[in-house]
Structures are given as C-alpha cells and as structure tokens.
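Visitor: With the sequence shown counted from 1, adding 149 to any position gets you the working numbering.
Structure incoming, see below.
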Amino acid sequence: MVLLLNPSTDFTSPELKISFSGEAGDWCITEGSLSVDGADSSAVDVEDWNIDGGLPGVLSGYCTQNSGGDYITVEGIDPLIGGFSYGVEIERNFEVFRTVDSAGEYLVTVELIEGLDVESISFRKSFLESSQVVVSAMVEDSLSIVCTLESNYVEFGALYKGGAYVTASQSITTQSTNPFYWIVYGLGGPGTAEAGLYNPQGGGYLLSSFGVDGIVNLLTGEGFGMVVETSHGEVMEDFSPEFPGIFGSVGKGTEQSRLFLYGEDTQEIVSSQVTYGARASYAALAGPYNETLTYVCGGYIGDGSF
C-alpha cells in the first residue's frame, strides 16, 4: 500500500496514523509490526498527484485492533517540509494486515500528528461483492475453403475480322463454410497497359479488355471481356450477363486485379459459369492471340478489420 502525504506546514517529528472504518479485526488480523519504507513513486502518479520524494526517517509501523476501527501507526519520521509531497509504502503482510472481507464502502483517514498539530485527509474505498472478471475465448480451427477451375485452357476458335463476337465458357466451383471471393487479373502483352488477347507473333497487337467505365461492348467494337453467372453469391456489375454483348473488363497485373464474385455464409458447393467474349475489328492483325488469366480464390474469417 502506497500513500502520498502533502503537509501544508512543516513538521519536526510527527506520527502517521491510518485509520479504517469497521469493526475490530476487520483490517488487523492480529496486532503486530509492519515494514514501512519511503516511496519515490506509485502506480497512480499523475501530473497533479505526484510524489516528490520518499518519507524520510527510520520508519516502523504497527497495526492495532480497535472497536471503532483498526488503525496503523508509523513512527520514526524525520522533519517534513510543508508543500512537499512524500510517499510512504507499507509492505504487505497477510499475517498482520488485510483488506476487509465484506463488500461495501469504507472510510480511510490519514493523519499527521505532532502534539496538538494535526493534518488529516479522508477518502473512501468501495469493495465489490465480486471484483473478478473472467475473460474467455475459444480458438477454433480455420474455416475451410476449396476452389476449383474446371479447365486451365479455353479455346475461342476462329475470330473473323469484322465478324460477330465469339464466346467460350468454363465453370468455377467454391466449397466454403464461410464467405468467399474470386479475383481475376490478366497478363497482358509486351508493351501493353492492360490485359486482353494479344498476338505474340505480330508485335503484340492487342484485343484489349479495357473498356469505358469497366465495360467492354463487343457489339460496337473489338475487345476481350468476361461475364459470370452463379447460383449463389453475388457478381460485380461489370461482369453481369444482363446485356448481350456487354462484358466486364479484366485488369492487368495484381495492381489491377478485379473482384468479380463473392458469397455470404454458405455450407453448399457453389458453381459459377464464366463466359469469355471476344471480337476482332476489320483492322485486327491476323494470327494467333492468347491471354493468361490468373484466378485468386479465398475466404473471409470473422468480421475483423485488417
């Protein structure tokens, strides 16, 4: 127990008395000596409540039972200076002194006494019926997720210059016990700023996946894109098959990766159909075109932020 004493006047050789409300024996289990030392600091020091130095002297303490409330006396105190804050620590001794057993509010009075000169301060301590809080948690195994691509190769076939757009499809499957997501991004071609079919034999001429506001309109122009249909979960608007000929654009590289499918909590296996579309303009360079798409599938655990 650490106390702060801040006398308003000088004392030559005072006695310190700490009184506790209650019955005899509530605080002093038995009458006896207690070890007392000066304290330079406490666990609750703040700017306006700070110990300047330890209580000086060869200090000794004694715990006395009293029908009007037990008390501790500290003797051997050297002269004190008014306005200086002193700290005193009474070391624990559960054979002599303890806190009261019963819950409730108790008055503590601290007095510096020298003859008829007395300075005192009182405060109350409240003891709870149950002062312990049990904090518990259960660590579970990470929730599982299985993601599957139906194929690692999709063939468009022939794209004729100025012809209609061509489609090709594959399925993706997610089995997850928690929310999941799919992300996709493309490789692009040499010297290109976006993903899309490119011709490696003709200087990298690109059928781009880049569209206005993320939309690739294969009815009015050339390009490459994808749409998604699913029995569960949600699809980003750009990848929705709502309008024929309108496809979602695919970004190039991880910095332009696109979230295109995500689902809420589910115990079922979710299968989604991915449809790719491409159309070549009259000016398209003849020859083979290809594109490497990278799919990233993952799951969410909990509601935390990261």
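Note that CB positions come from ideal geometry on N, CA and C, so glycine has one too.
With a CB to CB cut of under 8 Å and the five nearest residues on each side skipped, what residues in its chain are close to residue 128?
Guide: Because residue 128 is not part of the residues shown, which for the chain are 150 to 455, the question remains open.
Visitor: Looking only at C-alpha atoms, which of 258, 220, 241 and 187 sits nearest to residue 229?
Guide: The residue given as residue 229 occupies position 80 in the sequence shown. Comparing Cα positions, the closest option is 187.
Visitor: Buried or exposed for residue 168, going by 16 or more other Cβ atoms inside 10 Å?
Guide: One-based indexing of the sequence shown puts residue 168 at position 19. By the neighbour-count rule (16 or more Cβ atoms within 10 Å), residue 168 is buried.
Visitor: List in chain order: all unbroken alpha helix (DSSP H) runs of 4+ residues lying wholly within the stretch 286-355.
Guide: The stretch 286-355 contains no whole alpha helix (DSSP H) run of 4 or more residues.
Visitor: Have a look at residue 396 and residue 290 and give me their C-alpha separation to the nearest angstrom.
Guide: For the purposes of this step, residue 396 is taken as residue 247 along the sequence shown, with counting starting at 1. For the purposes of this step, residue 290 is taken as residue 141 along the sequence shown, with counting starting at 1. About 39 Å.
Visitor: Just to check my reading of the structure: residue 185 and residue 223 have Cβ atoms closer than 8 Å, yes? What is that Cβ distance to the nearest angstrom?
Guide: Position 36 of the sequence shown holds residue 185. Position 74 of the sequence shown holds residue 223. Contact holds; Cβ gap of about 5 Å.
Visitor: Where does residue 362 sit, in a helix, a strand or coil, going by DSSP?
Guide: Indexing the sequence shown from 1 puts residue 362 at position 213. Note: residue 362 maps to coil in three-state DSSP.
Visitor: Report the three-state DSSP secondary structure of residue 392 (helix, strand or coil).
Guide: Counting from 1 along the sequence shown, the entry for residue 392 is found at position 243. Coil, per DSSP.
Visitor: Any chance you could list the beta strand (DSSP E) runs of at least 3 consecutive residues sitting entirely within the stretch 416-453, in chain order?
Guide: The qualifying runs are 418-428 and 442-448.
Visitor: For residue 436 and residue 392, I'd like the C-alpha separation in whole angstroms.
Guide: Within the sequence shown, residue 436 is the residue found at index 287, counting from 1. Within the sequence shown, residue 392 is the residue found at index 243, counting from 1. For residue 436 and residue 392, the distance between alpha carbons rounds to 29 Å.
Visitor: Residue 266 bridges to which residues according to DSSP?
Guide: To locate residue 266, count along the sequence shown from 1; it is residue 117. 263.
Visitor: Does the count of Cβ pairs from the stretch 293-307 and the stretch 374-393 closer than 8 Å reach three?
Guide: No, they do not touch.
Visitor: What ranges does the alpha helix (DSSP H) occupy inside the stretch 159-193, keeping only unbroken runs of at least 4 residues that lie completely in it?
Guide: Counting whole runs of 4 or more residues, the stretch 159-193 contains no alpha helix (DSSP H) stretch at all.
Visitor: Taking its Cβ as the centre, do 16 or more other Cβ atoms sit within 10 Å of residue 264, making it buried, or is it exposed?
Guide: Taking the sequence shown and counting its residues from 1, one reaches residue 264 at position 115. Classification of residue 264: exposed, given that the 10 Å Cβ count is below 16.
Visitor: Within its chain, find whatever has a CB closer than 7 Å to the CB of residue 455; leave out the 5 residues flanking it on each side and keep chain order.
Guide: Residue mapping note: residue 455 aligns to position 306 of the sequence shown, counting from 1. Note on residue 455: pLDDT 42, under 50, position unreliable in the model; no value is reported.
Visitor: Comparing alpha-carbon positions, which option in 315, 434, 399 and 322 lies nearest residue 379?
Guide: To locate residue 379, count along the sequence shown from 1; it is residue 230. Checked all of 315, 434, 399 and 322; the closest Cα to residue 379 is 322.
Visitor: Return the Cβ separation of residue 345 and residue 372 in integer angstroms, given the expectation that the two are a contact with Cβ distance under 8 Å.
Guide: Translated into the one-based positions of the sequence shown, residue 345 becomes position 196. Translated into the one-based positions of the sequence shown, residue 372 becomes position 223. 7 Å between Cβ atoms; contact.
Visitor: Quick one: grab the DSSP three-state call for residue 369.
Guide: Counted from its first residue, the sequence shown places residue 369 at position 220. Coil, per DSSP.
Visitor: Locate the beta strand (DSSP E) running through residue 243, then write down its first and last residues.
Guide: For the purposes of this step, residue 243 is taken as the residue at position 94 of the sequence shown. Element bounds for residue 243: n/a, residue is neither H nor E.
Visitor: Smallest Cα separation from residue 318: which of 377, 381 and 172?
Guide: In the sequence shown, the residue the question calls residue 318 occupies position 169. If we check each option's Cα against that of residue 318, 377 comes out closest.
Visitor: Whose CA, out of 355, 225 and 193, lies closest to the CA of residue 208?
Guide: Position 59 of the sequence shown, counted from the first residue, corresponds to residue 208. Per the Cα distances, 225.
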